[in-house]
Amino acid sequence: TIEEKKLNWLSGEVLFMIIPLYHTLVPFGLYFFNKRSTDIKVLLVSLSLSVVCIINLALYYCFNIITKENICFLSPGPTFAYLIVYLFLQNKRSTYDETTGLIKRKMFMKHLDSLDPKNDNIVICLIDINNFKAINSKYGQDNGDQFLRSIGNYFKSIFQIGEVYRYGGDKYVLMLKNNDNAKMMIKEVCNRFEKPFVANGFECVIPYHMGIVEYPKYATKSEDILVILEEVIKKAKSNGELIAYCDDVL
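Written out as structure tokens, the structure reads:
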């Protein structure tokens, strides 16, 4: 009947006014709730999907004005697209450390477990920031986090994905192919730590110790490697040395 057609058309109008609003606001919500662990690319993807939904709405109205029929252009595609974006955000949050932007320790452990002693020859380097609590006390917690972020940004600028991780707290770990380039990169890191890092206008030379273990020369099991790394760091601290090698404790 005419009344049923009017009701259907009205319900369709309301639906297609709500859907684009939903598709426009959700990406903003996803971005701002996850902004500490995401980047502008996520927002751009979300905005592009919103534009698609707005175009979909415009096509709907134009088609209905021309044909005077309530034709539905709605598809589940945008919703699935947002689901993909949301899962991407959650995966990034579980993989990357929010403060430094570096890959988390659990991914380092997975990488370590995946090594093949027959084919991989790796240098594993643990960098332990000394007495970071004193830096937090002197400059404040926010600036302390910014110092950690500055260190992470430096590491990301010279190392590839899978070569540097945040080991936890004030520790970082490097996994490099055991060659001359690895030695050069480790030397570069040591030289950089002799210069101050910057956090919101404050400058601080970050004190550290470094322990180095070769895989599979000294150990092949991840548990053994971690124990040796901790022992090497302890040896470096007790001897007052910046760098200690596995040879020094075995």
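Oh and the sequence shown: position 51 is 1202 in the numbering used here, straight run, nothing missing.
For glycine and all other residues, C-beta sits at the position ideal for the given N, C-alpha and C.
A quick note: this is a predicted structure, and the numbers were derived from the prediction, not measured.
Assigned exposure category for residue i - 16 Cβ within 10 Å defines buried
i, result
"cysteine 1223", "Annotation note: pLDDT 49 at cysteine 1223 (below 50); position unreliable, coordinate value reported separately. Classification of cysteine 1223: exposed, given that the 10 Å Cβ count is below 16."
"glycine 1295", "buried"
"threonine 1387", "The question names threonine, but residue 1387 is alanine in the sequence shown. Label assigned to alanine 1387: buried."
"valine 1315", "buried"
"glutamine 1454", "Given a span of 1152 to 1401 for the chain in the structure shown, any question on residue 1454 remains unanswerable."
"methionine 1335", "exposed"
"isoleucine 1286", "buried"
Contact set for residue i: own chain, Cβ-Cβ below 7 Å, skip 5 residues either direction
i, result
"aspartate 1248", "Lys1255, Arg1317"
"glutamate 1374", "none"
"asparagine 1329", "Asn1272, Ile1273, Val1274, Glu1365"
"leucine 1266", "Ile1273, Tyr1366"
"glycine 1319", "Arg1256"
Residue i and residue j closer than 7 Å at C-beta
i, j, result
"tyrosine 1359", "phenylalanine 1344", "yes"
"leucine 1263", "glycine 1303", "no"
"methionine 1361", "isoleucine 1309", "no"
"cysteine 1276", "isoleucine 1363", "yes"
"aspartate 1321", "isoleucine 1280", "yes"
"leucine 1299", "threonine 1251", "yes"
"serine 1301", "alanine 1350", "yes"
Proximal residues to residue i (C-beta, below 8 Å), its chain only, five neighbours per side dropped
i, result
"threonine 1246", "Ile1254, Lys1255, Met1258"
"alanine 1333", "Val1274, Leu1327"
"lysine 1307", "Gly1252, Leu1253, Val1315"
"leucine 1393", "Cys1341, Tyr1359, His1360, Met1361, Ala1387"
"methionine 1260", "Ser1373"
"serine 1389", "none"
"aspartate 1293", "Asn1351"
"glycine 1313", "Ile1254, His1262, Met1326"
Residues of its chain near residue i, where Cβ-Cβ distance is below 6 Å and the 5 sequence neighbours each way are ignored
i, result
"valine 1356", "Pro1347"
"threonine 1371", "Pro1268"
"tyrosine 1290", "Phe1353"
"proline 1367", "Pro1268"
"alanine 1395", "Gly1362, Val1383, Lys1386, Ala1387"
"asparagine 1282", "none"
inquiry  = I'd like the ranges of any alpha helix (DSSP H) spanning at least 4 consecutive residues and lying wholly in the region 1248-1292.
reply    = Runs found: 1256-1264, 1283-1290.
task = Taking 8 Å as the threshold, find out whether the region 1333-1352 comes into contact with the region 1377-1386 through three or more Cβ pairs.
result = The way I'd put it, the region 1333-1352 doesn't touch the region 1377-1386; fewer than three beta-carbon pairs between them come closer than 8 Å.
request  = Pick out the complete alpha helix (DSSP H) segments inside the region 1301-1362, 4 residues or longer, and give them in chain order.
outcome  = Taking only runs of at least 4 residues, the alpha helix (DSSP H) segments lying wholly in the region 1301-1362 are 1331-1344.
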